[in-house]
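Trainee:
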Amino acid sequence: MRYEWSLFELHRLIILEERFTELKELLGSNLNLDILAIDEHTTRIDLLQENDDGINRFILFRNSKMRVPMVLCFAGEDQWIQLFCGWLKSQGVIVLPIELNAQAMLGIADEIIGLQSYDTKFIFDVTTTDRNLRKLELEVDKESFKFLTRNLTLHTALRDKIVPYIYHRSGMIIEKLPLTVISFLGAASVSHDKIVVSSWSNESLEKLLELTQ
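Here our numbering is used: the first residue of the sequence shown is 10, the next is one more, and so on.
(1) Can you give the Cα-Cα distance for residue 127 and residue 76, rounded to whole angstroms?
(2) Can you list, in chain order, the residues of its chain with a C-beta nearer than 8 Å to that of residue 227? Leave out the 5 residues immediately preceding and following it.
(3) Figure out for me which residue from 154, 155, 157 and 132 has the closest Cα to the Cα of residue 145.
(4) Indicate whether the contact test is met: 3 or more Cβ pairs, each with one atom in the stretch 99-117 and one in the stretch 60-72, closer than 8 Å.
(5) With contact counted as at least three CB pairs below 8 Å, one residue from each stretch, are the stretch 182-190 and the stretch 18-38 in contact?
(6) Return helix, strand or coil for residue 116, following the three-state DSSP convention.
(7) Give the single residue among 23, 118 and 197 whose Cα lies nearest to the Cα of residue 172.
(8) Grab the span of the beta strand (DSSP E) containing residue 144 for me, first residue to last.
(9) Measure from the alpha carbon of residue 200 to the alpha carbon of each residue in 220, 207, 222 and 110, then state which is nearest.
(10) Residue 108: which of 17, 30 and 125 sits nearest, CA to CA?
(11) Taking just the CA atoms, how far does residue 53 sit from residue 6?
(12) Mapping the DSSP letters down to three states, classify residue 63 as helix, strand or coil.
(13) What is the residue span of the alpha helix (DSSP H) that residue 270 lies within?
(14) Please state whether DSSP places residue 189 in a helix, a strand or coil.
(15) Cβ of residue 38 within 7 Å of any heavy atom in the ligand PLP?
(16) Which of helix, strand or coil does DSSP assign to residue 106?
(17) Which stretch, first to last residue, makes up the beta strand (DSSP E) that contains residue 12?
(18) Alpha carbon to alpha carbon, how far is residue 153 from residue 207?
(19) Tell me which residue opens and which closes the beta strand (DSSP E) that residue 130 is part of.
(20) Check whether the Cβ atoms of residue 32 and residue 104 lie closer than 8 Å to each other.
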């Protein structure tokens, strides 16, 4: 199952595992915490909140050496992320929504798909003043995607293969166009402020944190 994730950057380090009792009082007793130490500076925290309305998922990724030390990804009901962000702010944490530009969208999309191939669509907002033209789409089918990236060993399919191919064939510079969505059929989509994906790899979270710096 895929989830729509809202994205936030946190401008202060907070050790949530040390505040778990307080978090359970805030978010309810049916709150589970999983923590994974990636290395001496990097940690992943997964919070799963179950209630009568469903399940809310909070994923935090922190690196104590980064200028922006933490990112937060949330999937669930708006009221719970508002409550959680309100609590973070009360602890002195500056919480800002993440706005990805076109280059950042390509970077995180590359990390999400890795070396896999998908039917891929780029959607651009090109609304004209008379509204006769509202949207432009470019599509790359799965087989073409696979062929163009066949020798790739890094997670850079869009940036190193697909986007240059589009430029050489059409003259279109993707990064300079009003890119609004990158969609991988049946797998994921990336927009300026939301990502739709079933789960987050540590590599994707690390890339998201890197993009906020």
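Ideal placement from N, C-alpha and C gives every residue a C-beta, glycine not left out.
Mentor: Taking the coordinates as given:
(1) The count along the sequence shown starts at 1 and reaches residue 127 at position 118. The count along the sequence shown starts at 1 and reaches residue 76 at position 67. The alpha-carbon atoms of residue 127 and residue 76 are separated by roughly 34 Å.
(2) Nothing in the structure corresponds to residue 227, since the chain is present only between 10 and 222.
(3) Within the sequence shown, numbered from 1, the residue matching residue 145 stands at position 136. Checking every option, the nearest Cα to that of residue 145 belongs to 132.
(4) Using a Cβ-Cβ distance cut-off of 8 Å, the stretch 99-117 and the stretch 60-72 are not in contact, since fewer than three pairs of beta carbons, one from each stretch, lie closer than that value.
(5) no
(6) On the sequence shown, position 107 is the one that residue 116 refers to. Residue state, collapsed to three classes: helix.
(7) For the purposes of this step, residue 172 is identified with residue 163 of the sequence shown, where counting begins at 1. Of the listed residues, the one whose Cα sits closest to residue 172 is 118.
(8) Your numbering for residue 144 matches position 135 in the sequence shown. Segment 144-149, the beta strand (DSSP E) holding residue 144.
(9) Residue 200 sits at position 191 when you count from the first residue of the sequence shown. Of the listed residues, the one whose Cα sits closest to residue 200 is 110.
(10) Position 99 of the sequence shown, counted from the first residue, corresponds to residue 108. The residue with the shortest Cα to Cα distance from residue 108 is 17.
(11) In the structure as shown, the chain begins at 10 and stops at 222. Residue 6 is therefore absent and cannot be evaluated.
(12) As a first step, residue 63 must be located in the sequence shown, where it is residue number 54. In this structure, residue 63 counts as strand in the three-state DSSP scheme.
(13) The chain is shown only over 10 to 222; residue 270 falls outside these bounds and no answer can be derived.
(14) Taking the first residue of the sequence shown as 1, we reach residue 189 at position 180. Here residue 189 carries a strand assignment [DSSP, helix/strand/coil].
(15) The model on display carries no ligand, and the ligand PLP is accordingly not part of it.
(16) Here the question's residue 106 lines up with position 97 in the sequence shown. Residue 106: strand per DSSP, three-state reduction.
(17) Within the sequence shown, the letter at position 3 stands for residue 12. Start and end: 12-19.
(18) Here residue 153 is taken as the residue at index 144 of the sequence shown, counted from 1. Here residue 207 is taken as the residue at index 198 of the sequence shown, counted from 1. About 24 Å.
(19) Here residue 130 is taken as the residue at index 121 of the sequence shown, counted from 1. Start and end: 129-134.
(20) Numbered from its first residue, the sequence shown carries residue 32 at position 23. Numbered from its first residue, the sequence shown carries residue 104 at position 95. Not closer than 8 Å, so no.
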